[in-house]
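>
There are 4 protein chains.
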Amino acid sequence: MSSIKIAVIGASGYTGADLVRLAVRHPDIEIAALTANTHAGKPVAEVFPHLAGLDLPDLVRNEDVDWSGIDAAFCGLPHGTSQEVIATLPEHIRIIDMSADFRLRDTQTYAQWYGHEHLAPELQKTAVYGLTELYREAIADARLVACPGCYPTAVLLLLAPLVKAGVLVADDLVIDAKSGVSGAGRSLKQNILFCEAGEGLSPYAIGTHRHAPEIEQELSLAAGRPLVTTFTPHLAPMSRGELITAYARIADGASVEAVRAVLEEAYAAEPFVHLMASGTTPATQHVRGSNHCRLAVFEGRVPGRVILISTLDNLVKGSSGQAIQNFNVMFGLAEIAGLEQLALFP
Amino acid sequence: MSSIKIAVIGASGYTGADLVRLAVRHPDIEIAALTANTHAGKPVAEVFPHLAGLDLPDLVRNEDVDWSGIDAAFCGLPHGTSQEVIATLPEHIRIIDMSADFRLRDTQTYAQWYGHEHLAPELQKTAVYGLTELYREAIADARLVACPGCYPTAVLLLLAPLVKAGVLVADDLVIDAKSGVSGAGRSLKQNILFCEAGEGLSPYAIGTHRHAPEIEQELSLAAGRPLVTTFTPHLAPMSRGELITAYARIADGASVEAVRAVLEEAYAAEPFVHLMASGTTPATQHVRGSNHCRLAVFEGRVPGRVILISTLDNLVKGSSGQAIQNFNVMFGLAEIAGLEQLALFP
Amino acid sequence: MSSIKIAVIGASGYTGADLVRLAVRHPDIEIAALTANTHAGKPVAEVFPHLAGLDLPDLVRNEDVDWSGIDAAFCGLPHGTSQEVIATLPEHIRIIDMSADFRLRDTQTYAQWYGHEHLAPELQKTAVYGLTELYREAIADARLVACPGCYPTAVLLLLAPLVKAGVLVADDLVIDAKSGVSGAGRSLKQNILFCEAGEGLSPYAIGTHRHAPEIEQELSLAAGRPLVTTFTPHLAPMSRGELITAYARIADGASVEAVRAVLEEAYAAEPFVHLMASGTTPATQHVRGSNHCRLAVFEGRVPGRVILISTLDNLVKGSSGQAIQNFNVMFGLAEIAGLEQLALFP
Amino acid sequence: MSSIKIAVIGASGYTGADLVRLAVRHPDIEIAALTANTHAGKPVAEVFPHLAGLDLPDLVRNEDVDWSGIDAAFCGLPHGTSQEVIATLPEHIRIIDMSADFRLRDTQTYAQWYGHEHLAPELQKTAVYGLTELYREAIADARLVACPGCYPTAVLLLLAPLVKAGVLVADDLVIDAKSGVSGAGRSLKQNILFCEAGEGLSPYAIGTHRHAPEIEQELSLAAGRPLVTTFTPHLAPMSRGELITAYARIADGASVEAVRAVLEEAYAAEPFVHLMASGTTPATQHVRGSNHCRLAVFEGRVPGRVILISTLDNLVKGSSGQAIQNFNVMFGLAEIAGLEQLALFP
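Residue numbers (my numbering), protein chains in the order written: chain R, 960 to 1305; chain A, 960 to 1305; chain S, 960 to 1305; chain L, 960 to 1305.
Take a look at the structure:
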């Protein structure tokens, strides 16, 4: 197959850079344009020295891209900006958006959580939620795929099949999430300075994190009724990695074994989602840099309780890797193309 | 007051070293003996270079201590060994044990969780559980104080008053705990190597951690009936610090405000336990090296749910600092004596 | 003695915060004012949560301090601003400046390295260079003490006595320096984000670091002739700590033993500077949070070469601790007053 | 080309694991056997969870490998053991040894630095020193390639061409080296525990590190006369990465430009060694996980001094990646085969 030409819009953030890392080695991708308005004119290596020596196009402004020969755009812009820019793209461009802009199906909910009216509500109606394992068929035909947030990816791969199968009491799920610092992006904020985030751990945005409505949207769809969840993210002193510890009650008639069986069946044929052997504990460092997500199920001491674990690299399976995976589905490529990097450990 | 002479039994672990760090600057303590069987004969600074230049006695074997002039012993030995050694101490020695050996009031429970019969069951009957804020009066009169584990300290300071006050549905508490690596001690284990624990996060001992029965023992006492909890510890890539995120339902008739009020009242006069202002988030790095514990209460998105946070330094308030605090109570000293170090940040 | 009232000017940086940490527990200090123009009106704990609960004055603007009852000012402002503010202080205020503004004795050199004319050249003439161990007598009588930079402190404690004693070939000293990230301050810069500085090490400002002329000024004074040095700083992924590895040739007639002897004699009576036993290696983590500096001397494989090591905590002995030490000297207090904190390890 | 069958001897260390990470995705390699005597019988994923799901052979004992169908062996055993095991391999096996056993050309020097007589002195004579860029032709024909140590790789890529070209005063080179903790391997040692190595930096093995004779051997060959160097390694709190800061005097008649020109020419056509643009600073985090080495040249403040920087990932270009590179040369493959992974940043 001849190469598919892509643009990466917003290539100066961590998500954009990791997309480039993966795309450069993708057998069917040619990177035709990289945009970063504040760094326009610079070589990529000036912004990300680890990407030196790759014969990449220099960074340009979004509006300076010649879209005529380009097939697809990956968008790594901040929310708000993404919808504006995406709305201007020519019709022939297929879009994989890694921002939050098209994740919420209901533009009212968007306005409520993001503080402004949605600027492309018609486009929103056409967006497909890009959790590959759940929406593979719709993704294949979509023009615009809204890749899930990193937390929702980890949470939904773990909980959506279980909620759908009815093996959990879904009305009172407790989701304790831990993330590495790269989840906060590359913008200059005091709390992500080395001296502030290092050697420390803290919860944040308790009850107010914007990934909560996204998680609830999808779990509600899985349940067939509206669900609200308890979702508490924490910032951990590592660059990459995300770990979800979810607490649920097993539904009447179900069992820990039934819970395991649902996940086993859901992911038996999946290349990137793995249920770990009983008693084995996942760790973020064992999926670092890879597109893999590992799940585990543990019986609790409280009868009827189950403890559910999910882990992934927030920048890969939680963002850029999943974006490539969706791209592969959209263009009829092998789903693992360009995603075979093994985890980097230690 | 003339100095109280102490021995530190098991001074070559992190707990012992942090006890020494605090005791050296305690206005009423004289360190008379330091033991460490495998390092007997060495100066402390050879085992802990940060303790050089302090005019401390060299390390000796447990059996080589002359107990005649000593008033109190802090014991930082591993469980199992502690009870053996403590059983041999002269009657006039008051003991602050930082091991797990005398924490469980029921020796059957001990045998079940620690895998061997308790070796000093009579001594166990005399032990007082050393959570200072809850058992101050009994501690004052005790000969043997069993300092709580680091997780139980953080959990119980947060939950015990609430369970006792009946403002939570206590039968189904979910406790998600995160700890720095020093909680695992200084012994040579692969999972605590820098390259293994660094830049990664993982749960461990799900449903099987030995601090669970200790937590349940005390929460059951607070509730007046047997409670079982869901307790999941995680290892985080930092040396010190512990953070508890607990999830509970508010009891009928209670409210988030009532929950806050209980903690506010419980700790209004306490020097080391602080309820943070509403909306303020605690972080482990802000109590690092200090004897302080910070608590916070958040309302969840799920009606009736409350999210409760507790944080402390596992080696200080979670171990050696609390031991000194108990010592102060036992000897009628100001409770803050020797514990006024501020947190070291960054 | 009744308390000495101090103000901390520029209390919202790491240097200011660490000064507060030490001053709060200093037996002879009362903190009368804390300034931070961009945070004026806030309680300190809002800017530095680890300093909560200490009954400190709120942050005010520099110009809003009532200096009438104040005896001394510690200044933690950025260079340039410091000299402006210090020039306005009433004559009765004794000043311990932790900025770079009065370190260079020659205002021409200042202008060359800091890019602007010195704004208080007359004041500069009165400043005493605040390396306590070298200039103790002059510091005692000074109104304005210019505390050395963190690198110069570590370098000069190591090399100045040796250069003065003539045991090294001083014309070609190689100084390889490694610092934790807190040395870069709390301002928002991309290279000190957790994800940028974490898990990585790099040199910076090779041949252009502003601590070079300061080092050379003092070594030249020690040598009695102008010296130029090779000074290469590196950023290491830790919050605190500084380590100098200096390479020198031993002067004709001298020896490794002579080198050791000079340091031994220079620091035999010093409370905070320690020559380590032969063969023992210093480590930054063993002085973390303390005011101690550790030195070591090693013979190299190349005949006539000596490898010299110096380590300290850049925020304490390299800044705030040394400032307190100078304050103690200036006010006739015990030099160790308020500086007895032991290193926090691990 | 049909696959080349390899065995990895000593697959339970970090070097072995990183070799497996690279070999699994190498287009021309089939992993036929993995050995690890202490873990024989286990699946790899039990020892290295990040290598799960790869359809790898289980770990076996060295003596249980059926060598008949195998073409090449990578050896990641500790020194001493390597030479014993390698001596027993069938003649048709080509060997890429990542241990220290065959690096020193002179077995007397080996005995002196490693504390025992060399056990395979005849084999030693046939070994080629595996610094690919310097010895590519000899490597192509070798049966046994001794891959350099991580420090020597970084040092020699930087200094060997310069010494050979005569642009440096080679008799008094100062080499200050900093390494991540993975360089110390996966064995259980106290100094590499997270709590010991984290948030700290220290020199070690000053004047006694076993990589010194290896560096001197090769620099002496480049110089055409015996050289001794000053080599000081430091342990930095990161898992991967190595940075060399070398200090040299420029030879009479040469210049900083001449130094740059030598490196530019030496590596113009090299895929993995890069001289950075003037004024640009290398950082370990920008080559993490990749096989790249970055060099830089800086003029010092002392006339005639040059500061030379080299950085690489100690486990990749410093060990397993270079081993694969040598394998590619030995088997006539493209030298970059299996080594195209980009650096993982952040």
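Ideal Cβ positions, reconstructed from N, Cα and C, are used throughout, including at glycine.
1) With which residues is K964(A) paired in a DSSP beta bridge?
2) I want to see whether chain R comes within less than 7 Å of A1156(S), judged by CB atoms only; does it?
3) Out of A1032(S), P1120(S) and A1004(S), state which residue places its alpha-carbon closest to the alpha-carbon of A991(S).
4) Looking at C-beta atoms only, is the number of pairs between the segment 1263-1274 of chain A and the segment 1196-1207 of chain A that lie closer than 8 Å three or more?
5) So that I know if they touch, is there some Cβ in chain S lying closer than 7 Å to that of I1151(R)?
6) Pull up the distance between the alpha-carbon of V1087(S) and that of P1305(R), whole angstroms please.
7) Thinking S1141(L) and L1274(L) are a contact (beta carbons under 8 Å), I'd like their distance in whole angstroms, please.
8) Can you list the residues of chain R that R1145(S) reaches, using a CB-CB cut of under 9 Å?
9) Could you name the residues of the same chain whose beta carbon sits closer than 8 Å to that of D1017(S), not counting the 5 residues immediately before and after it, in chain order?
10) Please name the residues in the segment 1194-1213 of chain R whose beta-carbon is closer than 9 Å to at least one beta-carbon of chain A, in chain order.
11) Is it right to say K1137(S) is buried, meaning 16 or more other beta carbons lie within 10 angstroms of its own, or is it exposed?
12) Does any residue of chain L have a CB that is nearer than 7 Å to the CB of V1140(A)?
13) Just to confirm my understanding: we take V1221(R), look at its own chain, exclude 5 residues before and 5 after, and list those with CB closer than 8 Å. What are they?
14) Would you say A999(A) touches the ligand NAP, meaning its beta carbon is less than 6 Å from a heavy atom?
15) Rounding to the nearest angstrom, what Cα-Cα distance links L1271(S) and C1252(S) in this structure?
16) For chain D, is any of its Cβ atoms less than 7 Å away from the one on L1121(L)?
17) Please list the partners that Y973(A) has in chain L, where partner means a Cβ-to-Cβ separation under 8 Å.
18) If you scan the segment 1136-1187 of chain A from start to end, which runs of the alpha helix (DSSP H) of 4 or more residues do you find wholly inside it?
19) For chain A, find out if any of its Cβ atoms is closer than 7 Å to the Cβ of G1248(S); answer yes or no.
20) Tell me which residues share the same chain as A1101(R) and place their Cβ nearer than 6 Å to its Cβ, disregarding the 5 neighbours each side in the sequence.
21) Establish whether the CB of S915(L) and some CB of chain S are separated by less than 7 Å.
22) What are the uninterrupted segments assigned as alpha helix (DSSP H) that are 4 or more residues long and contained completely in the segment 1019-1106 of chain L, given in chain order?
23) Hey, would you say L981(R) sits closer than 7 Å to S1279(R), going by beta carbons?
24) Measuring alpha carbon to alpha carbon, tell me which of R1095(L), I1174(L) and G1139(L) ends up nearest A1293(L).
25) For the segment 1030-1045 of chain R against the segment 960-968 of chain R, are there 3 or more C-beta pairs whose distance is under 8 Å?
26) Taking its Cβ as the centre, do 16 or more other Cβ atoms sit within 10 Å of E951(R), making it buried, or is it exposed?
27) Measuring straight from C-alpha to C-alpha, what distance separates F1153(S) and G972(R)?
28) Per DSSP, what kind of secondary structure is D1130(R) in: helix, strand or coil?
29) With 7 Å as the threshold, decide whether the Cβ of R1219(R) is near any Cβ in chain L.
30) In the DSSP assignment, the beta strand (DSSP E) including I1240(S) goes from what residue to what residue?
31) Considering only DSSP beta bridges, list what T1112(R) is partnered with.
32) Could you round the C-beta distance between H1009(A) and H1245(S) to whole angstroms and report it? I think they count as a contact, below 8 Å.
33) How about the segment 1214-1231 of chain A and the segment 1181-1191 of chain R: do they share at least three Cβ pairs that are nearer than 8 Å?
34) DSSP state of L1274(R), grouped into three classes?
35) Report yes or no: is there a C-beta of chain R within less than 7 Å of the C-beta of F1304(L)?
36) Could you tell me which residues DSSP pairs with P1192(L) in its beta bridges?
This is what the structure holds:
1) E989(A)
2) yes
3) A1032(S)
4) yes
5) yes
6) Those two C-alpha atoms are separated by around 49 Å.
7) 6 Å
8) Q1149, L1152, C1154 and E1155
9) L993, G1000, K1001, P1002 and V1003
10) L1194, A1195, P1196, M1197, S1198, R1199, G1200, E1201, L1202, T1204, Y1206 and R1208
11) The C-beta of K1137(S) has 16 or more other C-beta atoms within 10 Å across all chains shown, which makes the residue buried.
12) For V1140(A), the answer is yes, since a Cβ of chain L falls inside 7 Å of its Cβ.
13) P1120, L1121, A1124 and V1126
14) Ligands in the displayed structure: none, and consequently the ligand NAP is not present.
15) Rounded to whole angstroms, the separation of the alpha carbons of C1252(S) and L1271(S) is 5 Å.
16) Going by chain labels, chain D is absent from the structure shown, which instead holds the protein chains R, A, S and L.
17) C1154
18) List check, alpha helix (DSSP H) in window: 1153-1156 and 1170-1182.
19) yes
20) Closer than 6 Å at Cβ, skipping near neighbours: V1087.
21) What the structure shows of chain L is the stretch from 960 to 1305, and residue 915(L) is not part of that stretch, so it cannot be assessed.
22) 1040-1046, 1066-1073, 1080-1085 and 1091-1100
23) yes
24) The shortest C-alpha to C-alpha distance from A1293(L) to any of R1095(L), I1174(L) and G1139(L) is the one to R1095(L).
25) yes
26) This structure gives no information on residue 951(R), because the portion of chain R shown stretches from 960 to 1305.
27) Taking the straight line from one Cα to the other gives about 14 Å.
28) In the three-state scheme derived from DSSP, where H, G and I count as helix and E and B as strand, D1130(R) is classed as helix.
29) no
30) A small correction: the amino acid at residue 1240(S) is Thr; Ile does not occupy that position in the sequence shown. Note, T1240(S): premise wrong, no beta strand (DSSP E); not H, not E.
31) The partner list for T1112(R) (beta bridge, DSSP) is empty, contrary to what the question assumes.
32) 4 Å
33) no
34) DSSP places L1274(R) in the coil class of the three-state scheme, outside both helix and strand.
35) yes
36) A1136(L)
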